[in-house]
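According to this note's numbering, the residues represented by the sequence shown are 173 to 299, in order.
Here is the structure we will look at.
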Amino acid sequence: MTITWISWGILLVILIALLFRRFKKPGFLTELTQEEFIEGYRKAQLLDVREPREYNGGHILGARNLPLSQLKQRINEIRDDQPVYLYCQSGARSRQAARIIRKKAGTSDIYQLKKGFKKWTGKIKKK
173 MTITWISWGI
183 LLVILIALLF
193 RRFKKPGFLT
203 ELTQEEFIEG
213 YRKAQLLDVR
223 EPREYNGGHI
233 LGARNLPLSQ
243 LKQRINEIRD
253 DQPVYLYCQS
263 GARSRQAARI
273 IRKKAGTSDI
283 YQLKKGFKKW
293 TGKIKKK
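In structure tokens form, the structure reads like this:
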């Protein structure tokens, strides 16, 4: 019986650690306010990492849709000579995308829209 409780405790600690890692902002990722994001995204690769149906419902003008679910297969579409500006609905997927981009594309000049598209009040385009 004691072994079972210890096993559950270890499993719980591992689960908490994995969740913390997923939602913690990586140190190399710079989070920008909407104003800061607007100042720099025109000189960068602006990537919306949401799914196509979300993107088609409205996205930041000039953004390219590169869904997180396809990112590893399409990583070669990301240039290493320009900063990468990322956003998703709330920030969780763009943090995951930043980790993938840094690891696979080798760039660490990565920025994220603070609080994501749900808080965006700038210009948008709908398909």
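We treat Cβ as the ideally placed atom computed from N, Cα and C, and that holds for glycine.
A quick note: this is a predicted structure, and the numbers were derived from the prediction, not measured.
Identify whether residue i lies in helix, strand or coil by the three-state DSSP scheme.
i, result
"L238", "coil"
"T176", "helix"
"E223", "coil"
"Q217", "strand"
"L201", "coil"
"K298", "coil"
Taking buried to mean at least 16 other C-beta atoms within 10 Å of its own C-beta, is residue i buried or exposed?
i, result
"V185", "exposed"
"S266", "buried"
"I182", "exposed"
"R222", "buried"
"L187", "exposed"
"I282", "buried"
"Q217", "buried"
List the whole-angstrom C-beta distance separating residue i from residue j, where the pair is believed to meet the contact cut-off of C-beta under 8 Å.
i, j, result
"G294", "I232", "7 Å"
"I296", "G230", "5 Å"
Let me check understanding here. Comparing Cα to Cα, which of the options lies closest to residue i?
i, options, result
"Y201", "K297, K299, A269 and I296", "Checking the sequence, you will find Leu at residue 201 rather than Tyr. Checking every option, the nearest Cα to that of L201 belongs to A269."
"P161", "L285, S179 and Q261", "The requested residue 161 does not occur in the structure, where the chain is confined to residues 173 to 299."
"G319", "K297, K298, N248 and K290", "The structure shown has nothing for residue 319, since the chain only spans 173 to 299."
"I272", "L285, K291, I250 and Q254", "I250"
"L219", "Q284, A189 and Q206", "Q284"
"W292", "G263, S241, A216 and K299", "G263"
"K244", "E226, R236, I188 and K276", "K276"
"K286", "K299, A216, L258 and I296", "L258"
"Y213", "Y227, G199 and R236", "R236"
What first and last residue would you give for the beta strand (DSSP E) that runs through residue i?
i, result
"E211", "Not the beta strand (DSSP E): E211 falls in the alpha helix (DSSP H), residues Q206 to G212."
"Q284", "I282 to L285"
"L243", "From DSSP, L243 is part of no beta strand (DSSP E); its letter is neither H nor E."
"L258", "V256 to Y259"
Go to residue i, then tell me how far its alpha helix (DSSP H) extends in each direction, as first and last residue.
i, result
"S266", "A264 to A277"
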